[in-house]
Each structure stands twice: as C-alpha cells, then as structure tokens.
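Colleague: Structure in structure tokens, see below.
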Amino acid sequence: MKTLKVIVCKAGKGVSAHLPEIEGYVIARETVEKLKRDLADGLSFHIAGLYENEREQWMSQPFNFEFVFQDIPALIDGYSGLINQTSLARISGINESLMRQYVTGIKRPSRKVTQRIEWGLKRYADELRSISFV
Numbered sequence: 013m014k015t016l017k018v019i020v021c022k023a024g025k026g027v028s029a030h031l032p033e034i035e036g037y038v039i040a041r042e043t044v045e046k047l048k049r050d051l052a053d054g055l056s057f058h059i060a061g062l063y064e065n066e067r068e069q070w071m072s073q074p075f076n077f078e079f080v081f082q083d084i085p086a087l088i089d090g091y092s093g094l095i096n097q098t099s100l101a102r103i104s105g106i107n108e109s110l111m112r113q114y115v116t117g118i119k120r121p122s123r124k125v126t127q128r129i130e131w132g133l134k135r136y137a138d139e140l141r142s143i144s145f146v
C-alpha cells in the first residue's frame with residue numbers, strides 16, 4: 013500500500029490540499045474533516061481522467077495518506093474539536109496573543125517558532141500516550 017503525502021493549507025474560509033506525487037490534483041473544502049472524507053473519491057476520479065499510460069501506475073494499488081500541515085490556521089481548523097489556539101499556545105510555550113495572530117494569519121510564524129509548536133504538540137501527544145487507568 014502506497015502512502016501519499018497530502019499538503020494541507022488554509023484557503024479563504026476553508027482549506028485546500030494538493031498531493032506532490034499526483035500532478036494536477038487539488039482539493040478544497042470548508043473543513044479538514046470534509047477534505048479528508050472526500051480526498052480518496054476525488055483522487056480516484058482524477059486518476060480515472062488521466063491518460064491511460066499515466067493512469068496505470070496509480071490504478072493497481074490502494075493508498076494511505078499522510079497529512080502535512082503547511083500553516084497554523086489549517087492545523088487549528090483540522091483539529092478544532094481537540095485543540096484550540098489557547099491550548100496550542102500553552103502547549104508550545106508561546107504567548108496567547110501572538111498565537112491568535114498566527115491563527116488568523118495576521119502574522120506568520122518563523123521556521124523556528126513552527127518547529128517549537130510542532131515539538132510542543134508531539135510532547136503533549138507523548139504525555140497522552142503515557143496515561144493509563146487502573
């Protein structure tokens with residue numbers, strides 16, 4: 013089973029995504045949840061429309077998807093039921109006001125700040141994984 017990277021970014025009032033390995037395939041939806049739901053069907057439709065010689069390599073195998081978020085607003089939108097900008101600021105050790113500016117797109121975080129946010133999320137995920145009940 014082949015794993016395809018899906019690059020997700022904020023687009024207007026929704027999100028969009030493209031797959032670097034599949035030329036010409038772009039999808040946009042209101043939420044990341046809807047994007048994930050419709051991705052496989054849209055990709056199948058796109059592949060069916062390719063020239064026969066281009067289609068062959070993609071028709072024979074099912075796909076897994078790895079979602080990569082290009083920006084903070086898309087991440088917050090994608091996991092809004094689990095995390096909000098305040099909790100993301102706390103997890104990452106970033107000022108809440110500054111995080112709001114990143115989420116709304118007023119400011120763009122530097123690469124170093126983006127890595128700090130990613131590290132904070134991974135550390136938080138590790139803490140959650142270590143929880144057990146008696």
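For what it's worth, our numbering labels the leading residue of the sequence shown as 13, then goes sequentially.
Cβ coordinates follow ideal geometry from the N, Cα and C atoms, glycine included.
Does the distance from the CB of aspartate 83 to the CB of lysine 134 come in under 8 Å?
Modeller: Not in contact: aspartate 83 and lysine 134 (Cβ atoms no closer than 8 Å).
Colleague: For lysine 119, which residues from the same chain have a beta carbon less than 8 Å from its beta carbon, with the 5 sequence-adjacent residues on both sides left out?
Modeller: The answer, listed in chain order, is Leu110 and Gln113.
Colleague: Is the number of C-beta pairs between the segment 96 to 111 and the segment 40 to 53 that are closer than 8 Å three or more?
Modeller: Contact fails: fewer than three Cβ-Cβ distances are below 8 Å.
Colleague: What's the call for glycine 61, buried or exposed, on a 16-neighbour Cβ count within 10 Å?
Modeller: Exposed.
Colleague: Would you mind giving the Cβ-Cβ distance between phenylalanine 81 and valine 20, rounded to the nearest angstrom? I have them listed as a contact below 8 Å.
Modeller: With 8 Å as the limit, phenylalanine 81 and valine 20 qualify as a contact, their Cβ atoms being about 5 Å apart.
Colleague: I need the DSSP call for threonine 15, collapsed to helix, strand or coil.
Modeller: Three-state DSSP puts threonine 15 in a strand.
Colleague: Consider the Cβ of arginine 49: report whether some Cβ of chain B lies at a distance smaller than 8 Å.
Modeller: Among the protein chains of the structure shown there is no chain B, as only one such chain exists.
Colleague: Going by the CB atoms, is the gap between leucine 47 and leucine 31 shorter than 8 Å?
Modeller: Not closer than 8 Å, so no.
Colleague: Count the other CB atoms within 10 Å of the CB of valine 27; is the residue buried (16 or more) or exposed (fewer)?
Modeller: That one is buried.
Colleague: Tell me where the beta strand (DSSP E) around valine 80 begins and ends.
Modeller: Residues 75 to 81.
Colleague: Report the three-state DSSP secondary structure of glycine 54 (helix, strand or coil).
Modeller: Three-state DSSP puts glycine 54 in a helix.
Colleague: Could you have a look at serine 99 and say whether DSSP puts it in helix, strand or coil?
Modeller: Helix, per DSSP.
Colleague: Can you grab the Cα-Cα spacing for the pair threonine 98 / arginine 123, in whole Å?
Modeller: Going by the C-alpha atoms only, they are around 20 Å apart.
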